[in-house]
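Have a look at the structure below, then the notes.
Protein chains: 2
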Amino acid sequence: MEAALHDQKPRLHFWFDFASTYSYLSAMRIETVAGDRSVEVVWHPFLLGPIFKKQGWETSPFNLMPAKGRYMWRDMERQCEVLGLPLVAPDPFPQNSILAARLAHAGRNEPWIGEFVRAVFYSEFGAGLDIADPATLAGILMEVGADAKKVLAQAETMDIKIGLRAAVSEAETQGIFGAPSFVTQNGELFWGHDRLEQALDEALMMTD
Amino acid sequence: MEAALHDQKPRLHFWFDFASTYSYLSAMRIETVAGDRSVEVVWHPFLLGPIFKKQGWETSPFNLMPAKGRYMWRDMERQCEVLGLPLVAPDPFPQNSILAARLAHAGRNEPWIGEFVRAVFYSEFGAGLDIADPATLAGILMEVGADAKKVLAQAETMDIKIGLRAAVSEAETQGIFGAPSFVTQNGELFWGHDRLEQALDEALMMTD
Chain A
-14 MEAALHDQKP
-4 RLHFWFDFAS
6 TYSYLSAMRI
16 ETVAGDRSVE
26 VVWHPFLLGP
36 IFKKQGWETS
46 PFNLMPAKGR
56 YMWRDMERQC
66 EVLGLPLVAP
76 DPFPQNSILA
86 ARLAHAGRNE
96 PWIGEFVRAV
106 FYSEFGAGLD
116 IADPATLAGI
126 LMEVGADAKK
136 VLAQAETMDI
146 KIGLRAAVSE
156 AETQGIFGAP
166 SFVTQNGELF
176 WGHDRLEQAL
186 DEALMMTD
Chain B
-14 MEAALHDQKP
-4 RLHFWFDFAS
6 TYSYLSAMRI
16 ETVAGDRSVE
26 VVWHPFLLGP
36 IFKKQGWETS
46 PFNLMPAKGR
56 YMWRDMERQC
66 EVLGLPLVAP
76 DPFPQNSILA
86 ARLAHAGRNE
96 PWIGEFVRAV
106 FYSEFGAGLD
116 IADPATLAGI
126 LMEVGADAKK
136 VLAQAETMDI
146 KIGLRAAVSE
156 AETQGIFGAP
166 SFVTQNGELF
176 WGHDRLEQAL
186 DEALMMTD
């Protein structure tokens, strides 16, 4: 029993919104860099919209604050260049990410979840596809070996809709206000792609 | 003539507000890490208040968004621990930084400017002193070898008051919306202490 407990990998909870630019950077890298450190990723798709709305924001702060938005796109260009990722600004920005989030919530413990998350982000920010389009998402589901029809139907159930709403509440309870966010098993919160490595280091220190 | 031109060090423009927590991290390190790369620091004290006011913010966004504020203080604790810097949350936060900014603007080309900037930030965030208090600032000026009485009088002149206001306008023109910010000679803007090293690398590439 004790041996089994000690065999468990440390976990890092990864909170992301498919509409979030900097979540793209983390989503494309997290499973690789976590794997290098033998840390397990727990996938938490959620929505920033309801949290922003409580601030009185009806759209992304990058749209509300033009100087910050212009900076973000330039910074994303530079960061993507460093990481070797393509970047296409989706139109409209932000994309409506609710269906993608419901699908990821439905599949959050499936073996294809990591690949699905990466494929959605890549389609959106690497190829400029519309991730609000069910056809785009169906294609991605098939690509990653999921039962597309079944998962798309599941995403429309009350169970998944309520489950995703509960995930947003859980995010708020954990102090999350932006994405990407990382939470270690001892409750340390890290915000932003710039903190991914620090969050992984903290996750490793938390074993035992 | 050409030789002289090529002897010039590349410059990095450092924009900071004495009230800004993350500016503390950059201010304490920038002259050392820039020096390691033979980059010259150009000091740009400015005020975020007037820029925030245009967003409709009457105080720091860290006060307006409690979850973000709580996170920022925890993140600052962790970053300060990594950098070996003490951290005391000043009360009130943010501090009124206008007099400190006027003094730094008056002394921006003086040999003591770097030491003065570090001493103000350290007094505020390392020792919890009130940087709105002219006595605190007079002490710091004397400590760094400035003519305290003269510089304090200068800070009250229209020349310096207008000069600092012009610096805020210049910041906005350059696309600055937060602090710390770094601008290279070719106009690349980097925001946040997390981008200090990248900004220095860019500054180096821009020679010639």
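Going down the list, the protein sequences come from chains A and B. No gaps in the numbering here: position 9 of the first sequence is -6 in my numbering, and each next residue is one more. No gaps in the numbering here: position 103 of the second sequence is 88 in my numbering, and each next residue is one more. Note that beta-carbon positions come from the ideal geometry of N, C-alpha and C, so glycine has one too. The model shown is predicted, which means the values in this text are computed figures rather than measured ones.
Checklist entry - So R(-4) (chain B) is in the beta strand (DSSP E); what residue range does that whole segment cover? => result Counting along the chain, the beta strand (DSSP E) containing R(-4) (chain B) begins and ends at -4 to 1.
Checklist entry - Whose Cβ in chain A lies nearer than 7 Å to the Cβ of L122 (chain B)? => result Going along chain A, no residue has its Cβ under 7 Å from L122 (chain B), so there is no contact; the nearest lies around 30 Å.
Checklist entry - With DSSP run on the structure shown, which of helix, strand or coil describes P77 (chain A)? => result Three-state result, P77 (chain A): coil.
Next on the checklist: Quick check on Q(-7) (chain B): buried or exposed, where buried means 16 or more other Cβ atoms within 10 Å of its Cβ?
Outcome noted: Label assigned to Q(-7) (chain B): exposed.
Item to check | Within-9 Å CB hit, E66 (chain B) to chain A | outcome: No, because no Cβ of chain A sits closer than 9 Å to the Cβ of E66 (chain B).
Next on the checklist: Less than 6 Å between C-beta atoms, sequence neighbours within five positions excluded: which residues of the same chain meet that for Y9 (chain A)?
Outcome noted: Contacts found: F106, F110.
Item to check | Per DSSP, cross-strand counterpart(s) of H90 (chain B) | outcome: DSSP, once it has assigned bridges, lists no residue as partnering H90 (chain B).
Next on the checklist: Does the contact criterion of 3 or more C-beta pairs under 8 Å hold for the segment 130 to 150 of chain A versus the segment 33 to 46 of chain B?
Outcome noted: No: fewer than three Cβ pairs fall under 8 Å.
Next on the checklist: For a contact defined as C-beta to C-beta under 8 Å, what are the partners of L174 (chain B) on chain A?
Outcome noted: Here the neighbours are Y56, R59.
Item to check | Straight-line Cα distance separating L122 (chain A) from S108 (chain A) | outcome: Distance between the alpha carbons of S108 (chain A) and L122 (chain A) is about 9 Å.
Checklist entry - Taking the continuous beta strand (DSSP E) assigned at R175 (chain A), which residues delimit it? => result Before going further, note that residue 175 (chain A) is Phe rather than Arg in the sequence given. Segment 174 to 176, the beta strand (DSSP E) holding F175 (chain A).
Item to check | V24 (chain B), DSSP secondary structure in three states | outcome: Of the three classes helix, strand and coil, the one that applies to V24 (chain B) here is coil, per DSSP.
Item to check | C-beta neighbour in chain B for S154 (chain A), strict 9 Å | outcome: So, not an interface residue.
Checklist entry - Which residues does DSSP pair with T169 (chain B) in a beta bridge? => result Per DSSP, B:L(-3).
Checklist entry - By the 10 Å Cβ neighbour count, where 16 or more other Cβ atoms means buried, how is G34 (chain A) classified, buried or exposed? => result That one is buried.
Checklist entry - Where does P30 (chain A) sit, in a helix, a strand or coil, going by DSSP? => result Looking at P30 (chain A) - three-state DSSP - the assignment turns out to be strand.
Next on the checklist: With three or more C-beta pairs closer than 8 Å as the rule, is the segment -3 to 5 of chain A touching the segment 21 to 31 of chain A?
Outcome noted: Remark: three or more beta-carbon pairs, one from each stretch, lie closer than 8 Å, so the segment 21 to 31 of chain A and the segment -3 to 5 of chain A are flagged as touching.
Item to check | 8 Å CB neighbourhood of R93 (chain A) in its chain, flanking five on each side removed | outcome: Result list for R93 (chain A): W28, H29, P30, in chain order.
Item to check | Spatial distance of L70 (chain A) from S82 (chain A) (CA atoms) | outcome: Going from the Cα of L70 (chain A) to the Cα of S82 (chain A) covers about 21 Å.
Item to check | Sequence ranges, beta strand (DSSP E) only - wholly within the segment 86 to 130 of chain B, length at least 3 | outcome: Entirely contained in the segment 86 to 130 of chain B, not one beta strand (DSSP E) run reaches 3 residues.
Checklist entry - Out of A:D186, A:N171, A:Q170, A:S166, which has the shortest C-alpha to C-alpha gap to G177 (chain A)? => result Ranked by Cα distance from G177 (chain A), the options A:D186, A:N171, A:Q170, A:S166 are led by A:S166.
Checklist entry - Is Q159 (chain B) helix, strand or coil by DSSP? => result Q159 (chain B) falls in the coil class under three-state DSSP.
Checklist entry - Could you give the residue range of the alpha helix (DSSP H) that holds P51 (chain A)? => result Looking at the DSSP string, the run of the alpha helix (DSSP H) that includes P51 (chain A) is 51 to 68.
Next on the checklist: Quick test of your reading: L189 (chain A) and V24 (chain A), contact by CB under 8 Å. State the CB separation rounded to the nearest angstrom.
Outcome noted: Going by Cβ atoms, the distance from L189 (chain A) to V24 (chain A) rounds to 6 Å, so yes, they are a contact pair.
Item to check | A89 (chain A) versus A156 (chain A) - alpha carbon distance | outcome: So the two alpha carbons sit approximately 16 Å from each other.
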